[in-house]
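Encoded as structure tokens, the structure appears first; notes follow it.
In my numbering, the protein residues as written are -17 to 202.
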């Protein structure tokens, strides 16, 4: 699994001039910049791009680069289905791999959830997070049982991040299936996320619903 590096953002100042309307406006756009390999460009000056607004090319485009750590909430499903589907060990290894490959400057937190949700590790540097997660006593305390309150866990994680919002805030959910225990629904979760700048990612540990029909033929 590829770990995150400190987020690289471009603050682009757009000077939009429409002669037909005899007006000019200044707008700022915050975006992430990656090269073809998925890495961050060495210098903004090397970037070549153009900007259009409603089909019109924007003039006087200026870009500045900023770099800073991210806060990432790892939201781990510890419901009974994770135990029954043998997804427990892969999910725990996914957390370890993510933390081990993260930038040391990034802040990682762990939220476990089944019928409810628990902030088991508050935001820590990646090395400190990994040390706590790998602690034998902590590992023994991770009991997989109960239902799946996924929506509630995501909303709670987003609410924590929104207390002091920062660019690059992210939530990574590690789960094997659908929600069956939340007090909130998917529409409410979507509403909470859309009013923030939080990125949501999902690592789904589940068998495909529709197996490859060619697999049986290949075995025969």
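Think of the CB as a built atom: it goes at the ideal place given N, C-alpha and C, for glycine as much as any other residue. Just so we're clear, the structure is a prediction, and the values are computed from it rather than from any experiment.
Ranked by how close their Cα comes to the Cα of residue 100, the residues 72, 142, 80, 119 have 142 in first place. Residues 97, 129, 130, 131 of the same chain have their beta carbon placed closer than 6 Å to that of residue 163, with the five preceding and five following residues left out of the count.
Note on geometry: alpha-carbon atoms of residue 172 and residue 40 lie some 32 Å from one another. When C-alpha distances from residue 135 are compared across 124, 87, 94, the shortest belongs to 94. For residue 79, the uninterrupted alpha helix (DSSP H) run begins and ends at 70 to 83, by DSSP. By the C-beta criterion, the segment 110 to 121 is judged to be in contact with the segment 59 to 79, since at least 3 inter-stretch pairs fall below 8 Å. Checking the DSSP bridge columns, you'll see residue 55 partnered with 91, 153. With contacts defined as CB atoms closer than 7 Å, residue 187 and residue 69 qualify as a contacting pair. In this structure, residue 126 lies near residue 64, with their beta-carbon atoms less than 7 Å apart. Excluding sequence positions up to five before and after residue 151, its CB lies within less than 6 Å of the CB of 53, 143, 180, all in the same chain and listed in chain order. DSSP, read as helix, strand or coil, puts residue 133 in helix. Pairing residue 184 with residue 33, the inter-Cα distance amounts to about 31 Å. DSSP places residue 113 within a helical segment (H, G or I) once states are collapsed to three. When DSSP reads this structure, residue 183 sits in a beta bridge with 154. Distances from the alpha-carbon of residue 139 to those of 160, 182, 62 put 182 closest.
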